[in-house]
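Engineer: The following block contains the structure, expressed as structure tokens.
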Amino acid sequence: MLVTYDPYSGTLGRFPRADIIRRVAEAGYEGLNLPVREPFMNAEKEADVDEAVELLGDCGLRVNTLTFGKNECTTPGKQQEMQEWLDVVLFVADKLGASVVSIWPNLPAGVSVEAARETLRENLERMIPIADAENCVIGLEFEKGCALDNYREGIAFIDEVDPRLQLTADTYHLNNDNADLYIAAVALEGLLSDVHISGSHRGEPGSAGDTIDYEAFMKGLRESGYAGDLVLQYHLEDPESMSRACQFTKGLRAKVLWR
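Residue numbers 13 to 271, in this note's numbering, belong to the letters of the sequence shown in order.
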């Protein structure tokens, strides 16, 4: 179980790639949740991918999880493009030794939930066998107002589509669903590809105003046997918070690993 950093809002586009990687390592993180998209990398240029791999290696950062990088898996008519992009993502995953590809199934403007889910299903029916052959798991991130509104819908979708699918659980999204974090973590036993840690305000976890019940969530993760990464994904305002958030989450990890 690694504590890793996602170059989310306030990071990507604010700092160049080499600076992001250096800052993440210096803040004490063990890995990066790598976005397969620009401006972080041009994944269709092998030299650019190799440069990123070298930078990460030089800083001692591992990459277990990737974000898919394109948000059209729920957009009708984009199926062929998404299949082709999966090949690019899996190429990057192989270079980095990553085993999780996280997809955010958003709800495109003018598309019904039903149509978005059907399009997602069509994409996944093609994608899952290909990813599985490359020893990669696809994780779907649920979020209020998206194609998968909450963890319960995520579980039901897996039951309908393919048991090889998993889910990405984000404390911010669980909180917006008013979910009991302990019950949610236990219900997601065996179904989590990765976990995102964020404050209830989408800011630094554990900072002023954050109301997430981390104790309950970690207790549920411990009881469910979760062993994947804890990924910091929050809106970065103060760069100094990177180190604080890392240490905070390492404290949470200790609660999960304690048996």
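All residues carry an ideal CB built from backbone N, CA and C; glycine is no exception. None of these values were measured; they are calculated from a predicted model.
Indicate the three-state DSSP secondary structure (helix, strand or coil) for S255 in the structure shown.
Structural biologist: helix
Engineer: Does the structure place the stretch 52-68 close enough to the stretch 83-91 that three or more beta carbon pairs sit under 8 angstroms?
Structural biologist: In this structure the stretch 83-91 does not touch the stretch 52-68; the number of beta carbon pairs closer than 8 angstroms is below three.
Engineer: If we ignore side chains and look at the alpha-carbon of each, how far apart do A266 and L233 end up?
Structural biologist: 12 angstroms
Engineer: Under 8 angstroms: do the stretch 178-193 and the stretch 147-166 share three or more Cβ pairs, one atom per stretch?
Structural biologist: They touch, by the three-pair rule.
Engineer: When DSSP labels each residue in this structure, what does G22 get in the three-state scheme?
Structural biologist: coil
Engineer: Just confirm the distance between the C-beta atoms of L132 and P117, as a whole number of angstroms; I'd bet it's less than 8 angstroms.
Structural biologist: Sure, about 5 angstroms apart at Cβ, within 8 angstroms.
Engineer: With respect to the alpha helix (DSSP H) encompassing P47, which residues constitute its N-terminal and C-terminal limits?
Structural biologist: Careful: P47 lies outside any alpha helix (DSSP H), inside the beta strand (DSSP E) at 43-47.
Engineer: To the nearest angstrom, how far is it from the Cα of S212 to the Cα of E130?
Structural biologist: 31 angstroms
Engineer: Would Y238 pass as a contact of S210 if the rule is Cβ separation under 8 angstroms?
Structural biologist: no
Engineer: Check this for me: beta carbons of F154 and L179, under 8 angstroms apart or not?
Structural biologist: yes
Engineer: Between which two residues does the alpha helix (DSSP H) holding Y17 run?
Structural biologist: Run containing Y17: none in the alpha helix (DSSP H); it sits in the beta strand (DSSP E), 15-17.
Engineer: With E201 and S236 assumed to form a contact (beta carbons below 8 angstroms), what rounded beta-carbon distance in angstroms separates them?
Structural biologist: 4 angstroms
Engineer: Tell whether a beta-carbon distance below 8 angstroms holds between F229 and L193.
Structural biologist: Their beta carbons are under 8 angstroms apart, which means F229 touches L193 by this criterion.
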